[in-house]
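Asks: Which chain is which? The protein sequence lines are A and B, in order.
Just remember that the working numbering sits 1 ahead of the position in the first sequence, which is counted from 1.
Just remember that the working numbering sits 763 ahead of the position in the second sequence, which is counted from 1.
Where a beta carbon is used, it is the ideal one built from N, C-alpha and C, also for glycine.
The structure's right below; bear with me while I get my questions together.
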Amino acid sequence: MLSYLVRRIPSAVGVLFAASFLIFLMLRLIPGDPVDALAGQDATQESRDAIRADLGLDKPFWSQYVSWLGGLFRLDLGQSYRIGGDVGDLLRNGALNTVVLTVAALLIALVLALVTSLVAVIRDSRWLNAALNAVNTIGLALPTFASGLLLVLVFAVVFPLLPSGGTPPEGYLARPDISVQYLLLPAFCLALPVWAGLSRFLTEALRSQLRQPYITTARAAGVSRTRLVVRHALPNALPSAVTVLGIQVGTLLGGAVLVEQIFTWPGLGSLIELAISGRDYPVVQVLLLLSVAVFVVTQLLTDVLQAWLDPRIRIGGAR
Amino acid sequence: MTDPVGSTEETGTRDVLTIEGLAISFAQPRPAVNDISVSIRQGEVLALVGESGSGKSMTARAVLGLLPPGARASGSIRFHDQELLGLSERELSQVRGRRIAMVFQEPQTALNPVRTIGWQLREVLRAHGSISRRDARARALALLEQVEIPEPERRIDHYPHQLSGGQKQRVVLALALANEPELLLADEPTTALDVTVQAEILTLLRRIRENTGTSILLITHNMGVVAEVADRVVVLRQGDVVESGGTAELFRAPEHAYTRQLLDSVLTLPEAGDYVHSVPGPEAPAEHPALSYESVSVAYGSSRRGRAFPAVTQVSLDLAPGEVLGLVGESGSGKTTLGRLAAGLVPLAGGTVRLDGEDLFAASAARRRELGRDLAFVHQDPEASLDPRMSVGASIREPLDIHRVGTPAERAARVAELLEAVRLPAEVARRRPRELSGGQRQRIAMARALVLKPRLMIADEPTSALDVSVQADVLALFRDLQKEFGFACVFISHDLAVVNSVADRVAVLRHGEVVESGPVAQVFGTPSHPYTQRLLAAVPVPDPSRRTTEQVVEANRRRAG
């Protein structure tokens, strides 16, 4: 298992390198100049040149790229052009909030998907299936801004049960009960499409496992339906569900930007919005690279988890 | 309805299971059961024989309420005095495994791939009453011992993929026996196994019956298997009972024409001493053999990581033009790999493959494609090897289209010609594969193989997926086509009798090596290698008076021990 992980690392590093270059290149291909954004319309040519030299943007493309990469290795992420301050500090402030939000959403999606698909398959009732199908479709089809506003409207305005936005004022650990209240709406909003997709997939995977001959063997031996689904079919359906979940992490990252806007959640999502509109290259570059890194690591983890869940990969074909 | 078969013949033993007037129907038209009445006595092995569509598997599944969704069963299935038809799922799970257990055909898929053998045995034990972890493990070990799995202490923690096919089937048997059922339903339990393993499993079934008094309902299409183990036989055809009776009588004097046909279509092997020394294959070979393997080796897996697995080692064989070479061997013997090698479909690790004298692997890609025109494949499963979306005519014509042979009119004429050669009406060309029967589909596959007038055909288990009576027709057709078109053929089969009926020469493979080769009559009539002898002895003979497998198994055990 460990050697498998080690074998995969070089290609993961390669992907990160390629991504860093593409991101760097792409940003400079997008129309708009950070100097314009900073200097304003009436600036003289001299002051514009001064700003350009100050930011190092007068140097050749390659030397800019290499000095950025060098900075990354020294964990020096550079200075923000527009928001001001060290990029590393800006990230640290937002990262905690975003991580808390996405992890909470991931857990909610996972638990809900497991529960709903298991119940649906065990019960196998027509009404329940139709109802879950409808909920799934709504979850997948409803755009995040709509579901977010709907949630706020219902649970914060019409029935004022939960705060409509913001992070817990005293931090996450001081009053866990209050933290949960703040977290519930944004995390559920973010989890909704992931849950819908995952539960639809898992339900189908469980059903197709139930058609496998080994299930007939267990059924012929008198194993009850609940056990057939939970103890026999589920472990066989999990590895592919893990892969789907890994892909959904991308949805989660993208969704976080929107959800943070709706619920005024001060995470990386609002930072990236600010940085892109201000052509704040250092901030945008690092944020994009970070999301690529999260995705690469997630894929690595899902592959390892999948191998670990399947003894045919874990143990191999030794007879 | 009719009297349950044989229920009054012998007194003193009581019926365990009585099926009366069983009918099974489906919403869509498909083979179903019309009217089947069968009863099985305590401690008896009853064989339910029939070809596909006879309803034999459906009957067994109906007993445990395991029919596919949409099936409706009527009539009566009584287990002792309990009516099983119409029981709820909850009531059925009391019967399943505890009182009646079932064994399935395909051991490769009958076990849960992500759970250990021990876990699966424990799960089955737990399904019928609570049992402590330690007791369950002890019982599981005892069961593995009962089904004669070597080193049960080690095997109990293994996953299914770590066991061989025969061992898997033993585990499936152990699962069925776990709760000491009174009746065992065995649905083609040895069909997916090699002959030597089949002989072992049949012996085990017999021993289980003797030691535990369990009744066994054996479902099979193989008359040899019936003769080996059954006390009584019930012959089914298209959902009806055709004939039934004691095994010895039925084989001696079959009454119904269908039973006779079934028995006649069983291919036989030459007896020892049948070999007459005058079968020298085709005359002095032309300048080049159609195909020659010169000490070829093939390895699968990555040799870089040191996990290369030798599939074929140092095999040398020649195939004269117009000759049929049979390749026989058990699973993993490398026979399919050798066939695919002739088409350059597997990487060669050593040696030379020559098609008509030309080194295949040294040829350029373009030249290889040209050589490919002279070579045709017929695969085992005609259902999987024909594109379901293409009409049969288009499938046959496709090689002509690819190689741009002739005008469209000429191509159509060639398709018609071939359909006639495989004795199918020309109008079949417009149909889709799913509208045809298995035997018809295999004829189509043959027509497609012959469309480019190949000089060499690789036929990989071409009749294994077919019923015996259909198999006989297809083999006869193959022989005629071979005579007519004069192609050389590598005929791959695990079935010695099939090879015996079509091949001029035969090579016996084992673990990727040729154990013995020569004219068919010589190799099968007077086998010189002990492995060939064992292989031949393990083939069940359709004659109840000569039950041989037990001795074979004993002999194997002595050799091993």
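(1) Expressed to the nearest angstrom, what Euclidean distance is found between the alpha-carbon atoms of Arg1204 of chain B and Pro1151 of chain B?
(2) Name the chain B residues that come within less than 8 Å of Asn237 of chain A, Cβ to Cβ?
(3) Using beta carbons (cut-off 7 Å, strictly below), is Gly223 of chain A in contact with chain B?
(4) For the alpha helix (DSSP H) that contains Ala150 of chain A, what are its first and last residues?
(5) When burial is assigned at 16 or more other CB atoms within 10 Å of the CB, is Ala993 of chain B buried or exposed?
(6) Going by Cα to Cα distance, which pick from B:Gly1002, B:Val1261 and B:Val1269 is closest to Thr1031 of chain B?
(7) Helix, strand or coil: how does DSSP classify Tyr708 of chain B here?
(8) Kindly list the residues whose CB is nearer than 6 Å to the CB of Val258 of chain A, restricted to its own chain and excluding five residues on each side of it in sequence; keep chain order.
(9) How would you call Gln42 of chain A, buried or exposed, if buried means at least 16 neighbouring beta carbons within 10 angstroms?
(10) Go through the stretch 1248-1289 of chain B residue by residue and report every complete run of the beta strand (DSSP E) that reaches 3 residues or more, in order.
(11) So for Asp1306 of chain B, helix, strand or coil by DSSP?
(12) Give every residue of the same chain whose Cβ lies closer than 7 Å to the Cβ of Val1042 of chain B, excluding the five residues on either side of it in the sequence, and list them in chain order.
(13) Could you give the DSSP three-state label for His1040 of chain B: helix, strand or coil?
(14) Could you work out which residue in B:Ala1189, B:Gln845, B:Ala962 and B:Arg1023 is closest to Arg1297 of chain B when comparing CA atoms only?
(15) If contact is defined by three or more beta carbon pairs under 8 Å, each pair taking one atom from either stretch, is the stretch 849-864 of chain B in contact with the stretch 926-944 of chain B?
(16) Have a look at Ser1058 of chain B and Leu1134 of chain B and give me their C-alpha separation to the nearest angstrom.
(17) Could you tell me which residues DSSP pairs with Ile787 of chain B in its beta bridges?
(18) Hey, out of B:Ala1053, B:Val1191 and B:Ala1239, whose CA is closest to Gly1085 of chain B's CA?
(19) Which residues of the stretch 915-944 of chain B have a Cβ closer than 8 Å to any Cβ of chain A? Give them in chain order.
(20) With DSSP collapsed to three states, give me the class of Glu1050 of chain B.
(21) Is Met865 of chain B helix, strand or coil by DSSP?
(22) What are the start and end residues of the alpha helix (DSSP H) that includes Gly1009 of chain B?
(23) Could you confirm whether any beta carbon from chain B is found closer than 7 Å to the beta carbon of Pro35 of chain A?
(24) Could you work out which residues of chain A lie near Glu973 of chain B, taking near to mean beta carbons separated by less than 8 Å?
(25) Roughly how many angstroms separate the alpha carbons of Pro781 of chain B and Leu855 of chain B, rounded to a whole number?
(26) Kindly indicate the opening and closing residues of the beta strand (DSSP E) around Leu1032 of chain B.
(27) With H, G and I counted as helix, E and B as strand and the rest as coil, what does DSSP make of Arg897 of chain B?
(28) Report yes if the CB atom of Val380 of chain A is closer than 7 Å to the CB atom of Leu253 of chain A, and no otherwise.
(29) Name the residue from B:Ala790, B:Asp950 and B:Tyr1063 whose alpha carbon lies nearest to the alpha carbon of Ala834 of chain B.
(30) Check whether the Cβ atoms of Ala188 of chain A and Ala105 of chain A sit closer than 7 Å, and answer yes or no.
(31) Kindly indicate if chain B contains any beta-carbon less than 7 Å away from that of Pro164 of chain A.
(32) Here's the rule: buried if 16 or more other CB atoms are within 10 angstroms of the residue's CB, otherwise exposed. What is Thr1010 of chain B?
(33) So within the stretch 170-224 of chain A, which uninterrupted beta strand (DSSP E) runs reach at least 3 residues, ignoring any that extend past its ends?
(34) Flag Val887 of chain B as yes if its beta-carbon sits less than 7 Å from any beta-carbon of chain A, otherwise no.
(35) If you count every other CB in all the chains shown that lies within 10 Å of the CB of Lys1216 of chain B, and 16 or more means buried, which is it?
(36) What three-state label does DSSP hand Arg841 of chain B in the structure shown?
Replies: In short:
(1) Roughly 11 Å separates the two Cα atoms.
(2) Under the 8 Å cutoff, chain B gives Asn875, Pro876 and Val877.
(3) Taking Cβ atoms only, chain B reaches closer than 7 Å to Gly223 of chain A, which makes this a yes.
(4) Checking the sequence, you will find Leu at residue 150 of chain A rather than Ala. Element bounds for Leu150 of chain A: Thr145 to Val153.
(5) Label assigned to Ala993 of chain B: buried.
(6) Its Cα nearest to that of Thr1031 of chain B, the residue B:Val1261 stands out among B:Gly1002, B:Val1261 and B:Val1269.
(7) Residue 708 of chain B lies beyond the stretch modelled for chain B, which goes from 764 to 1324, so this question has no answer here.
(8) Non-local beta-carbon contacts of Val258 of chain A in its own chain, meaning distances under 6 Å to residues more than five positions away in sequence, involve Gly270 in chain order.
(9) When all chains shown are included, Gln42 of chain A counts as exposed.
(10) Here the runs fully enclosed are 1251-1256, 1268-1273 and 1276-1282.
(11) Coil.
(12) Its pLDDT being 48, under 50, Val1042 of chain B is placed unreliably in this model, and the coordinates cannot settle the point.
(13) Bear in mind that a pLDDT of 47 at His1040 of chain B, under 50, signals an unreliable position, so the model cannot answer this.
(14) Selected option, being the one with the closest Cα: B:Ala962.
(15) The count of Cβ pairs closer than 8 Å, one atom from the stretch 926-944 of chain B and one from the stretch 849-864 of chain B, reaches three, so the stretches are in contact.
(16) Each residue's alpha carbon lies about 21 Å from the other.
(17) Per the DSSP secondary-structure output, Ile787 of chain B pairs in a beta bridge with B:Val796 and B:Ala836.
(18) Nearest of B:Ala1053, B:Val1191 and B:Ala1239 to Gly1085 of chain B, Cα basis: B:Ala1053.
(19) Residues passing the 8 Å Cβ filter: Tyr922, His924, Gln925, Leu926, Ser927, Val935, Leu938, Ala939, Ala941 and Asn942.
(20) Annotated three-state conformation of Glu1050 of chain B is coil, per DSSP.
(21) In the structure shown, the three-state DSSP call for Met865 of chain B is strand.
(22) Where Gly1009 of chain B is concerned, there is no enclosing alpha helix (DSSP H), although the beta strand (DSSP E) it sits in stretches over Asp1003 to Gly1009.
(23) Chain B contact via Cβ: absent.
(24) In chain order: nothing, as chain A lies at least about 23 Å away.
(25) The question names Pro, but residue 781 of chain B in the sequence shown is Thr. Whole-angstrom Cα-Cα distance: 17 Å.
(26) Counting along the chain, Leu1032 of chain B falls outside any beta strand (DSSP E), and DSSP gives it neither H nor E.
(27) The three-state reading of DSSP puts Arg897 of chain B in helix, counting H, G and I together.
(28) In the structure as shown, chain A begins at 2 and stops at 320. Residue 380 of chain A is therefore absent and cannot be evaluated.
(29) From the listed residues B:Ala790, B:Asp950 and B:Tyr1063, the smallest Cα separation to Ala834 of chain B is found for B:Ala790.
(30) Inclusion of Ala188 of chain A and Ala105 of chain A in the CB contact set at 7 Å is warranted, their separation being smaller than that value.
(31) Cβ-Cβ to chain B under 7 Å: no for Pro164 of chain A.
(32) Buried.
(33) Positions of the beta strand (DSSP E) runs, each at least 3 residues long and wholly inside the stretch 170-224 of chain A, cannot be given because no such run exists.
(34) When Cβ-Cβ separations below 7 Å define contact, Val887 of chain B makes contact with chain A.
(35) Here Lys1216 of chain B is exposed: its Cβ has fewer than 16 other Cβ atoms, across all protein chains shown, within 10 Å.
(36) If DSSP states are grouped into helix, strand and coil, Arg841 of chain B belongs with the strands.
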